[in-house]
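Participant:
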Ligand SMILES: Cc1ncc(COP(=O)(O)O)c(C=O)c1O
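In the working numbering, the protein residues as written are 1 to 474.
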């Protein structure tokens with residue numbers, strides 16, 4: 001007699017059809033903006049206060065409740081989410097996640113087809129962005145990709161540091177004053193120390209100054225401090241600024257320092273005719289981070305670390321354990337190149353996105369977002385109540401509402417409080433989502449267009465809603 005697990009779904013065909021309906025309903029709802037953001041109801045709160053259920057319920061009812069709760073959650077998949085750097089849940093990526101989770105392949109040990117999919121997704125992304133021949137890995141996010149690259153850079157700068165520890169060596173990192181916090185966090189985790197992150201001054205286009213970088217490296221070397229890596233930002237989180245990669249590559253070549261490019265947000269734009277020139281020099285980098293869950297539209301979490309020299313990863317992470325035997329001395333498992341152990345097949349969603357849509361359609365969607373940021377800049381320029389705080393280099397734009405400063409000092413505490421109140425009113429209103437930010441001490445609103453569902457009409461709505469709510473706040 002065959003014994004089946006009680007955890008197998010009864011009526012699974014019907015349950016799957018029901019789940020598919022819920023997904024389809026959501027996709028249809030995401031096609032257009034909705035008039036507001038529903039809050040969790042009193043009934044939801046009561047249900048979510050219930051103790052651990054000892055026995056189960058009908059999966060269709062449980063899935064319905066899950067869908068209701070998700071509907072009452074802020075979702076960056078919606079076309080008018082302009083806050084932070086969103087991810088937009090590309091439909092084929094959703095299906096890829098379901099399929100990958102079903103097989104639950106672990107790309108820590110050799111998995112056969114899964115390894116080949118990861119390999120090809122890395123090759124395709126390296127080709128798409130112009131990074132050139134690459135090895136690499138998939139990770140849960142830009143934070144972990146940056147940490148992984150900088151761990152390899154530390155091992156190259158101080159061979160044996162993984163075993164011996166820092167042994168009194170002082171180390172330093174060099175990056176834009178507006179680099180993402182994950183760089184500082186990596187310095188903290190790697191024993192470099194956040195005080196040894198040299199925040200390079202910015203030029204008129206908010207790019208790290210390469211001459212200041214060269215000077216800082218030389219000064220550190222004279223003081224006996226080991227330079228670990230220069231981190232160039234290719235699309236800063238705040239304004240989308242792209243550092244001069246060629247000039248920073250020259251500095252790194254001259255001083256023999258690892259060049260890592262943090263393109264978690266911006267690097268997909270390197271594939272476009274509109275913005276590609278900004279990324280000249282990328283092919284000279286030792287490593288680069290690209291979050292496919294940002295501007296390649298696939299669902300979280302899907303970050304790609306591109307690395308020129310796979311052996312640098314192996315020297316950093318490979319190890320031998322009794323519970324994961326190697327078949328030969330030189331034989332390695334995927335885990336021998338990564339910071340993680342158990343890893344889902346994150347590459348599947350990127351691989352399927354490229355296969356199903358083709359590079360041209362993805363490039364076109366990124367170009368549309370670039371043009372929408374230009375459109376937003378034009379609308380802000382035309383609106384006497386608004387002021388842009390920088391030119392959009394990619395798809396992020398910071399702008400302020402003049403009424404927040406009452407015609408006075410835009411850096412005042414009052415302007416800061418009123419800008420936060422406006423951002424809060426926008427969130428409560430729920431038609432669009434924008435976050436508050438600050439550029440050179442000026443409180444502002446920040447919009448970032450990285451969603452393939454966003455239309456030009458949505459960009460117009462953004463400005464209309466900001467004006468309307470600012471007026472209501474007086
Ligand atoms: C430039 C940059 N680097 C790194 C990160 C961190 O990425 P994640 O949130 O995937 O860890 C972000 C996030 O917005 C980013 O914009």
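Ideal placement from N, C-alpha and C gives every residue a C-beta, glycine not left out. These numbers come from a predicted model, not from an experiment.
Report yes or no: do three or more beta-carbon pairs, one from the region 246-262 and one from the region 335-355, lie closer than 8 Å?
Facilitator: Too few Cβ pairs lie closer than 8 Å, so no.
Participant: Compute the Euclidean distance between the alpha carbons of residue 132 and residue 349, then round it to the nearest angstrom.
Facilitator: Those two C-alpha atoms are separated by around 21 Å.
Participant: Buried or exposed, going by whether 16 or more other CB atoms sit within 10 Å of the CB of residue 117?
Facilitator: Label assigned to residue 117: buried.
Participant: For ligand 1, is there any heavy atom lying closer than 8 Å to the beta carbon of residue 366?
Facilitator: The answer is no for residue 366.
Participant: Where residue 114 and residue 425 are concerned, what is the direct C-alpha to C-alpha distance, given to the nearest angstrom?
Facilitator: Computed Cα separation, rounded: 46 Å.
Participant: Nearest to residue 230 by alpha carbon, out of 423, 251 and 384?
Facilitator: For the residues 423, 251 and 384, the minimum Cα distance to residue 230 belongs to 251.
Participant: Where residue 61 and residue 149 are concerned, what is the direct C-alpha to C-alpha distance, given to the nearest angstrom?
Facilitator: Each residue's Cα considered, the two are about 45 Å apart.
Participant: Alpha helix (DSSP H) containing residue 210: first to last residue?
Facilitator: Segment 210-222, the alpha helix (DSSP H) holding residue 210.
Participant: Could you tell me the alpha carbon to alpha carbon distance between residue 126 and residue 119, rounded to whole angstroms?
Facilitator: Going from the Cα of residue 126 to the Cα of residue 119 covers about 11 Å.
Participant: Is any heavy atom in ligand 3 found nearer than 8 Å to the beta carbon of residue 85?
Facilitator: Ligands present in the displayed structure are limited to ligand 1, and ligand 3 is not among them.
Participant: Can you give me the C-alpha to C-alpha distance between residue 194 and residue 56, rounded to a whole angstrom?
Facilitator: So the two alpha carbons sit approximately 49 Å from each other.
Participant: Give the DSSP-derived three-state secondary structure of residue 361 in the structure shown.
Facilitator: Looking at residue 361 - three-state DSSP - the assignment turns out to be helix.
Participant: Just to confirm, are residue 421 and residue 128 a CB contact at a threshold of 9 Å?
Facilitator: No, the Cβ-Cβ distance between residue 421 and residue 128 is not below 9 Å.
Participant: Cα-Cα, which of 270, 80 and 11 is closest to residue 465?
Facilitator: Of 270, 80 and 11, the residue nearest in Cα terms is 80.
Participant: Between residue 121 and residue 295, is the Cβ-Cβ spacing less than 9 Å?
Facilitator: Result no, Cβ atoms of residue 121 and residue 295 do not sit closer than 9 Å.
Participant: If you drop the 5 nearest sequence neighbours on each side, which residues of the same chain put their C-beta closer than 7 Å to that of residue 476?
Facilitator: Here the chain covers residues 1 to 474 and nothing more, so residue 476 does not appear.
Participant: Determine the DSSP secondary structure at residue 252, reduced to helix, strand or coil.
Facilitator: Residue 252: helix per DSSP, three-state reduction.
Participant: Relative to the C-alpha of residue 31, which candidate in 473, 470, 208 and 452 has its C-alpha closest?
Facilitator: Of the listed residues, the one whose Cα sits closest to residue 31 is 452.
Participant: Quick one: what does DSSP say residue 283 is sitting in, helix, strand or coil?
Facilitator: The answer is helix: DSSP assigns residue 283 an H, G or I state.
Participant: State buried or exposed for residue 178, treating a residue as buried only when at least 16 other CB atoms are found within 10 Å of its CB.
Facilitator: Flag for residue 178 reads buried.
Participant: Excluding the 5 residues flanking residue 463 on each side, which residues of the same chain have their C-beta closer than 8 Å to its C-beta?
Facilitator: Here the set comprises 376, 379, 380, 383 and 386.
Participant: Does the beta-carbon of residue 262, which I'm using as the reference point, lie nearer than 8 Å to any heavy atom of ligand 1?
Facilitator: At least one heavy atom of ligand 1 is nearer than 8 Å to the Cβ of residue 262, so yes.
Participant: Can you find the residues in the same chain that come closer than 7 Å, C-beta to C-beta, to residue 403, ignoring five residues on each side of it along the sequence?
Facilitator: Closer than 7 Å at the Cβ level, and outside the excluded window around residue 403, lie 385 and 470.
Participant: Report the residue from 226, 212, 264 and 259 whose alpha carbon sits nearest the alpha carbon of residue 236.
Facilitator: Of the candidates 226, 212, 264 and 259, the one whose C-alpha sits nearest the C-alpha of residue 236 is 264.
Participant: Can you check whether the CB of residue 210 is closer than 9 Å to the CB of residue 220?
Facilitator: It is not a contact, given that the beta carbons lie outside the stated cut-off.
Participant: Ignoring anything shorter than 4 residues or poking outside the region 9-34, list the alpha helix (DSSP H) runs there in chain order.
Facilitator: Here the runs fully enclosed are 12-30.
Participant: What are the boundary residues of the beta strand (DSSP E) that residue 70 is part of?
Facilitator: Premise fails: residue 70 lies in the alpha helix (DSSP H), 59-71, not in any beta strand (DSSP E).
Participant: Mind reading off the beta-carbon distance from residue 297 to residue 208? Whole number of angstroms is fine, and I expect it under 8 Å.
Facilitator: The Cβ separation is near 28 Å, so there is no contact.
Participant: What's the call for residue 286, buried or exposed, on a 16-neighbour Cβ count within 10 Å?
Facilitator: Residue 286 is buried by the Cβ-count criterion.
Participant: Name the residue from 324, 307, 337 and 333 whose alpha carbon lies nearest to the alpha carbon of residue 314.
Facilitator: Per the Cα distances, 337.
Participant: Can you check whether the CB of residue 176 is closer than 9 Å to the CB of residue 243?
Facilitator: Cβ atoms of residue 243 and residue 176: closer than 9 Å.
Participant: Just to check, is the beta-carbon of residue 265 closer than 8 Å to a non-hydrogen atom of ligand 1?
Facilitator: Answer for residue 265: yes, Cβ within range of ligand 1.
Participant: Beta carbon of residue 316, beta carbon of residue 304: below 9 Å?
Facilitator: Cβ distance not < 9 Å, so residue 316 and residue 304 don't count as in contact.
Participant: On the CB-based measure, 16 or more other CB atoms within 10 Å of its CB, does residue 192 come out buried or exposed?
Facilitator: So residue 192 counts as buried.
Participant: Residues bridged to residue 229 by DSSP?
Facilitator: Partner(s): 173 and 258.
Participant: Helix, strand or coil for residue 400, going by three-state DSSP, please let me know.
Facilitator: Strand, per DSSP.
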